[in-house]
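Position 187 (the sequence shown) corresponds to 187 in UniProt numbering; numbering is contiguous.
Beta carbons are placed, not taken as given, at the ideal position from N, Cα and C, and that holds for glycine.
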Amino acid sequence: MDSVGSGWRSEEETHVVLSPQSLSLFGEGISLVFSRWTALQMAVENAWGGRDSRHKSEELTSTILTWFSQSKGSLYIDDLENMLEENMLSLFNTEIDDGSIEEVAEELMIMHEDFLKGNFESIEKLRRSGPVISSVAQSKQIGNHDSEDESSDDEVSEMIVDEPKVSEMVAESPKPEQVPDEDGWSTVTSKRNKGKKCR
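Following this line, the structure appears as structure tokens:
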């Protein structure tokens, strides 16, 4: 009976534990997922965890990798979500309510399952798509450009305010003098007759 029990346990361990090569790849996968996690990247970029925020994000990667590699028995997504939530709070003093923790946890669980089956497509996709860090930086740059755009918009609007002078000039263009005839009537010329003449 012991042999059956130990056989079952070792079978479960092979199900849970990745090979050293797969584990190394999985670590890269976690880093890639985290590099695309906007909430985490904002925390790092804005140093919400202090000066060593970048180091703390690496620490979070290794904590999650350790959880996946050293857990005995089954892995539950709820445990992973709780761990991500607790680490974001303790490392970056950040509470995340946008649903991204659940998305990240799900992505990591799926990737882990794929790796156990020898399927590494998920990491290939992540490598191709690249990190979100650049988009966080771009959003900052866009924010900076917005303020510049506002000033240029003000200039444009000032220009638009000055613009009506053209129409005033048109309105103020000299009109042919209307000289009343002997009876006191003035002749009004029709605009329709002006312009190109057709034969």
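Say whether the region 18-26 touches the region 53-61, bearing in mind that this needs 3 or more beta-carbon pairs closer than 8 Å, one atom from each stretch.
At 8 Å Cβ cutoff, the stretches do not touch.
Give the range of the alpha helix (DSSP H) segment to which R54 is assigned.
Counted from its first residue, the sequence shown places residue 54 at position 54. Here the alpha helix (DSSP H) through R54 covers S53 to Q70.
Pull up the distance between the alpha-carbon of M83 and that of L91, whole angstroms please.
Translated into the one-based positions of the sequence shown, residue 83 becomes position 83. Translated into the one-based positions of the sequence shown, residue 91 becomes position 91. When rounded, the distance between both Cα atoms is 12 Å.
Quick one: Cα of A105 to Cα of N93, how far?
The residue labelled residue 105 in the question sits at position 105 within the sequence shown. The residue labelled residue 93 in the question sits at position 93 within the sequence shown. Roughly 19 Å separates the two Cα atoms.
From this set, S24, S22, S31 and L23, which residue's C-alpha is nearest L126's C-alpha?
Position 126 of the sequence shown holds residue 126. Taking only the C-alpha atoms, the option nearest L126 is S31.
Using the Cα positions of S71 and E124, report the straight-line distance between them to the nearest angstrom.
By one-based count along the sequence shown, residue 71 stands at place 71. By one-based count along the sequence shown, residue 124 stands at place 124. C-alpha separation (whole angstroms): 26 Å.
Spatial neighbours of S69 within its chain, please: C-beta separation below 6 Å, excluding the five flanking residues on both sides.
Here residue 69 refers to the residue found at position 69 when the sequence shown is read from its first residue. L23.
Should H145 be labelled buried (16 or more other beta-carbon atoms within 10 Å of its own) or exposed?
As a first step, residue 145 is located in the sequence shown; it is residue number 145 there, counting from the start. A caution first: H145 carries a pLDDT of 45, below 50, which makes its placement in the model unreliable, though a value can still be read off. Under this definition H145 is an exposed residue.
Taking only three categories from DSSP, how would you classify R36?
Walking along the sequence shown from the start, residue 36 turns up at place 36. Reduced to three states, the DSSP call for R36 is coil.
To the nearest angstrom, how far is it from the Cα of F26 to the Cα of V44?
Indexing the sequence shown from 1 puts residue 26 at position 26. Indexing the sequence shown from 1 puts residue 44 at position 44. Cα to Cα, F26 sits roughly 22 Å from V44.
Can you give me the Cβ contacts of E121 inside the same chain, cut-off strictly under 8 Å, excluding the 5 residues immediately before and after it?
As a working note, residue 121 is residue 121 in the sequence shown. Contacts found: D114.
By the three-class DSSP mapping on this structure, what secondary structure does I96 have?
As a working mapping, residue 96 is identified with position 96 in the sequence shown. If DSSP states are grouped into helix, strand and coil, I96 belongs with coil.
Suppose contacts are defined by Cβ-Cβ distances below 9 Å. Is N87 in contact with L108 by that definition?
Position 87 of the sequence shown holds residue 87. Position 108 of the sequence shown holds residue 108. Going by C-beta atoms, N87 is not nearer than 9 Å to L108.
If you follow the alpha helix (DSSP H) that E182 is part of, which residue opens it and which one closes it?
Here the question's residue 182 lines up with position 182 in the sequence shown. Looking at the DSSP string, E182 is not in any alpha helix (DSSP H), and its letter there is neither H nor E.
If we call anything under 9 Å between Cβ atoms a contact, is I101 one with E85?
As a position in the sequence shown, residue 101 is number 101, starting the count at 1. As a position in the sequence shown, residue 85 is number 85, starting the count at 1. Yes, they are a contact pair.
I need the straight-line Cα distance from G118 to H112, nearest angstrom please.
Residue mapping note: residue 118 aligns to position 118 of the sequence shown, counting from 1. Residue mapping note: residue 112 aligns to position 112 of the sequence shown, counting from 1. Whole-angstrom Cα-Cα distance: 10 Å.
Going by CA-CA distance only, name the one from E103, E58, D97 and D98 that's closest to R77.
Here residue 77 refers to the residue found at position 77 of the sequence shown. A small fix is needed here, since residue 77 is Ile in this sequence, not Arg. Comparing Cα positions, the closest option is E103.
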